[in-house]
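Below is one structure, written out as structure tokens; comments come after it.
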Amino acid sequence: MDLIEIIGHMGVLIYRDEVSNYTVAKFKLYDITAKNITITGYLPIMHPDILFELSGTYLEHPRFGMQFQVSHYRRVLPTDRDSIISFLSSPIFAKIGRKFATSLVDTLGLDVLERLKQDLTLVRQVKGYTDAKEESLYLGLIQADEHEEALRFFTTHGLGIRNIMRLDRIYGSKVLDVVKENPYRLVEEVDGIGFKTADKLALSMGFELDDPRRLKAALITIVMDECMKNGDSYISYHTLTKRFNKEFSEMNADLDDYLLLCLKEHKLIQIDEKVFHPSQYSNEKYIAQYLSTFPLIPLDSVRPELILSEIKHLEDALGLHYDESQSLAILQFFNHPLSIVTGGPGTGKTTVVGAMLKLWRNLYPSLSVVCCAPTGRAAKRLFELTSVESSTIHSLIKWDLESNTFGKNELDPLNVDCLIIDEFSMVDTWLFGNLLKACAQVKKILIVGDKDQLPSVAPGKVLQDLIDSKCFPVSLLDRIYRQQEGSDVIELAHQIRHNTLDFTQITKDIKWIPCSAIEVKQVVLKIIEEGLQKGYAVGDMQVLAPMYSGQAGIDTLNHAVQKMVNPQSDTKSELQVGSVTYRVGDKILQLKNQPTDDVYNGDIGLCIEVILAKYDHNKQNRIVVDFDGRIVEYTSESFMNITLAYCISIHKSQGSEYPIVLLATLSEHKHMLQRRLVYTAVTRAAKSLILIGQPEAFQYAVDHYDEYPRNTCLVDYLVNKLE
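Under my numbering, read the sequence shown as residues 863 to 1585, first letter to last.
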């Protein structure tokens, strides 16, 4: 698609993210109309006295109307006498002033700007010259040119403006020198630029395949990739050797030489046969160190008899009774700085947390409490159940997508007295470490989670490690309270936990439909059709599967369900993106966090508009999705962030609940099947569950508790620190 070029001056700033430099502003076109338009993009601070040429495309935002999306920019120098004098006497050149600017033009001519860029000493010929004036011209002309040279260089070598702004934010005026000297340092220093991007940049600049800087960056990348793939805090030296030799066999390179260099430069850390990336090593160490001294500011203690008295008053007021384990959980919350509540569905975790919050207000009326959770849906549900301020962890500590850093930290901690973290099984080492860095003023932490659910997607198994360390009071809620509501789903979840499957006792809310892999698709379609006939909406029924490929995989089931519930129609626009067709009315899954749009990994929305390039004035395909009132627009650059949501993976469903869950389990999924996986899937069902496939595959999963245990060091660090 051809880019459009416009020239003009920066006008009123509407919005600017100071970290990412994402900007929305008015731009005054430099033509006879002098029309103001809205521009968006990742841009530096653009002085209104400077003329800019912007390259980009016009987009029609569903809420804000027509906007110009900037892809590239460059400064344009004025050419007429009045404009040159105005430019040189603007605040960009602090020491010049209109009188000296006029003298510059009169002495050096209308090509004064180009002449000064070539030879700045020409300014010394002009009456009124001072060293300060020469320095001002240098800053306004020469340094700005150096920035534009860097911009042209990176654009030529294939970097987009977003990555260029990341580099500019980190390296400033030295960016070109830094990258020309060693582009591979970007892998470690610039979040969002991986080895492939840096390698492409380096090779296009003429770097050799056996350059030591390339092989060191590759080693670091292998360590991080393996940790992300397996959820480990470190990889073994043997694994590192095997992968390095496989990927760089043609180099005849000695891994130990490059590993030693990485260790000396603290790019990697090796302890015996374990090789760590510093980010994983430092966060596990930080968690242990922080918790060994927590809290820095202790709360005034409350006598146990007073807490018991308050519990009795609360029971009388609510007309209920807390059992022994629930009462103990409440006591431990008030008696210890950090405590953990764990248990399966229906065991009263929410009831206990609600009691803690009510008692907190009575016992500490002047102190604040905040709730958070790893996902937007979990945070929203937490607020609905507790009526206490709740947010995602990322939002609470002000995560910035571009820099992958947090606004809340040791220098600017949270102003919170008590912090409650729900759905903690999903929290990884890196996120928990960064949350604790913002908790210097926090006096009490409550961790709530189901230890039998899947661990986090990213490295670590923090909930399990905190429990296994035996350093903190843990309240295990095991008695089922929602059973009287007729929930066989909860009964099945507890059978899975204890490996005591007995489907003869489960006849109400759960249905088994045995079938082969080739039959799963038709069974799923029949169930959904019957559900629609009974008045259920498509959004009420969520299909879950362990794998994307195969006859009963996520991709196949998504296509089949879409074809039935939202078929092709002359009245509905649709767009083919790779192997997926998106159509108005489709159920859409968000795959990545987009904090700017307030949508997060796992959110499900509805496609409300598909605009094809041939009907769009700027020839760009667009998909518009409604996430519970949050309207988000996707273009070719962000299509990768979404997919169909009729069938989703069990990992993506974590933190959410659905009225009806259809779960497919088959022998062909065997290498994925384990107890935590099916337990997590089953506990997504709020009302009823339909199991599809092979019962022996389901039993196989339940029999295999943890086939691939994660390698972490947090338990050892905690025990050593706290002992």
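All C-beta atoms in this analysis are idealised placements derived from N, C-alpha and C, irrespective of residue type, glycine included.
Do residue i and residue j have their CB atoms nearer than 8 angstroms?
{"i": "F1294", "j": "V1310", "result": "no"}
{"i": "F1560", "j": "V1577", "result": "no"}
{"i": "S965", "j": "K995", "result": "no"}
{"i": "L1122", "j": "F1106", "result": "no"}
{"i": "R1076", "j": "Y1099", "result": "no"}
{"i": "C1509", "j": "I1380", "result": "no"}
{"i": "V1523", "j": "A1543", "result": "yes"}
{"i": "D1568", "j": "Q1536", "result": "yes"}
{"i": "A1300", "j": "A1414", "result": "no"}
{"i": "G903", "j": "T885", "result": "yes"}
{"i": "P1515", "j": "R1546", "result": "Per the sequence shown, residue 1515 should be read as Ser rather than Pro. In contact: S1515 and R1546 (Cβ atoms closer than 8 angstroms)."}
{"i": "Q1438", "j": "I1504", "result": "no"}
{"i": "R1028", "j": "G1054", "result": "yes"}
{"i": "G1238", "j": "Y1579", "result": "no"}
{"i": "M908", "j": "Y920", "result": "no"}
{"i": "I1466", "j": "V1423", "result": "no"}
{"i": "A1139", "j": "C1089", "result": "Going by the sequence as given, residue 1139 is His instead of Ala. Yes."}
{"i": "L999", "j": "F955", "result": "yes"}
{"i": "S948", "j": "G959", "result": "no"}
{"i": "R943", "j": "L972", "result": "yes"}
{"i": "T1103", "j": "L1117", "result": "yes"}
{"i": "S1337", "j": "A1191", "result": "yes"}
{"i": "L1549", "j": "S1154", "result": "Note that residue 1549 is Lys in the sequence shown, not Leu. No, these two residues do not count as a Cβ contact at 8 angstroms."}
Pick helix, strand or coil for residue i, following the three-state DSSP scheme.
{"i": "H909", "result": "coil"}
{"i": "Q1345", "result": "Model confidence at Q1345 stands at a pLDDT of 49, short of 50, so the residue's coordinates are unreliable; what they give is reported in the following sentence. DSSP places Q1345 in helix when its eight states are reduced to three."}
{"i": "F926", "result": "coil"}
{"i": "M1113", "result": "helix"}
{"i": "C1233", "result": "strand"}
{"i": "I1055", "result": "coil"}
{"i": "G1555", "result": "strand"}
{"i": "G959", "result": "helix"}
{"i": "F1489", "result": "strand"}
{"i": "Y1226", "result": "coil"}
{"i": "V988", "result": "coil"}
{"i": "Y1152", "result": "helix"}
{"i": "I1032", "result": "helix"}
{"i": "S1431", "result": "coil"}
{"i": "M1128", "result": "Residue identity differs from the one stated: residue 1128 is His in this sequence, not Met. Three-state DSSP puts H1128 in coil, outside helix and strand."}
{"i": "F1560", "result": "helix"}
{"i": "L1063", "result": "helix"}
{"i": "L1453", "result": "coil"}
{"i": "R878", "result": "strand"}
{"i": "L1535", "result": "coil"}
{"i": "H1566", "result": "coil"}
{"i": "L1409", "result": "Looking at the sequence provided, one finds Met at residue 1409 rather than Leu. In this structure, M1409 counts as coil in the three-state DSSP scheme."}
{"i": "L1182", "result": "coil"}
{"i": "V1423", "result": "helix"}
{"i": "L1528", "result": "coil"}
{"i": "I1466", "result": "strand"}
Out of the options, point me to the one whose CA is closest to residue i's CA.
{"i": "R878", "options": "H871, T1505 and A887", "result": "A887"}
{"i": "V1304", "options": "L1219, C1377 and P1199", "result": "P1199"}
{"i": "I1202", "options": "L1258, L1325 and K1062", "result": "L1325"}
{"i": "S917", "options": "I1282, L891, A1115 and P940", "result": "L891"}
{"i": "N1044", "options": "A1064, R1031, G1054 and R1028", "result": "A1064"}
{"i": "S1171", "options": "R937, Y1184, Y1000 and D1061", "result": "Y1184"}
{"i": "F1195", "options": "P1335, A1547, W1292 and F1156", "result": "P1335"}
{"i": "W1374", "options": "G1555, G870 and L1190", "result": "G1555"}
{"i": "A1407", "options": "I1389, Y1398, L1553 and I1282", "result": "L1553"}
{"i": "H934", "options": "P1160, Q980, V1214 and L865", "result": "L865"}
{"i": "S1144", "options": "L1130, F1156, V967 and T1204", "result": "L1130"}
{"i": "L913", "options": "T1103, D1459 and I946", "result": "I946"}
{"i": "L1158", "options": "I1307, V938, P1227 and L1258", "result": "I1307"}
{"i": "K1270", "options": "K1260, A1079 and S1411", "result": "K1260"}
Counting only beta-carbon separations shorter than 8 angstroms, does residue i have a partner in chain B?
{"i": "V1040", "result": "No chain B is present in this structure, which holds just one protein chain."}
Using a Cβ-based criterion (distance less than 7 angstroms to any ligand heavy atom), does residue i qualify as near the ligand ATP?
{"i": "L1363", "result": "The ligand ATP is absent from the structure shown, which contains no ligand whatsoever."}
Pair every Cβ in the region 1316-1336 with every Cβ in the region 1082-1094, then say whether three or more of these pairs are closer than 8 angstroms. As far as the Cβ criterion goes, the region 1316-1336 touches the region 1082-1094, which means the pair count is three or higher.
Touching or not, the region 1221-1233 and the region 1244-1263, by the rule of three or more beta carbon pairs under 8 angstroms? Result yes; three or more Cβ-Cβ pairs closer than 8 angstroms.
Which full runs of the alpha helix (DSSP H) of 4+ residues lie inside the region 1338-1393, going along the chain? As far as the region 1338-1393 is concerned, its whole alpha helix (DSSP H) runs of at least 4 residues are 1350-1360.
Are three or more beta carbon pairs between the region 1201-1216 and the region 1349-1360 nearer than 8 angstroms? With the cut-off at 8 angstroms, the region 1201-1216 and the region 1349-1360 touch.
Could you name each continuous alpha helix (DSSP H) segment of 4 residues or more that falls completely within the region 1250-1332, going from the start of the chain to the end? Segments of the alpha helix (DSSP H) lying fully in the region 1250-1332: 1255-1258, 1291-1299 and 1324-1330.
Please confirm if the region 1454-1470 is in contact with the region 1492-1507, defined as three or more CB-CB distances below 8 angstroms between the two stretches. Taking 8 angstroms as the limit for Cβ pairs, the verdict is that the region 1492-1507 does touch the region 1454-1470.
Using 8 angstroms as the threshold, is the region 1442-1455 in touch with the region 1427-1434, meaning 3 or more CB pairs across them? Below 8 angstroms, enough C-beta pairs join the region 1442-1455 and the region 1427-1434 to call them touching: three or more.
For the 8 angstroms Cβ check, are there 3 or more pairs between the region 1171-1180 and the region 1216-1223? Verdict: yes, contact present.
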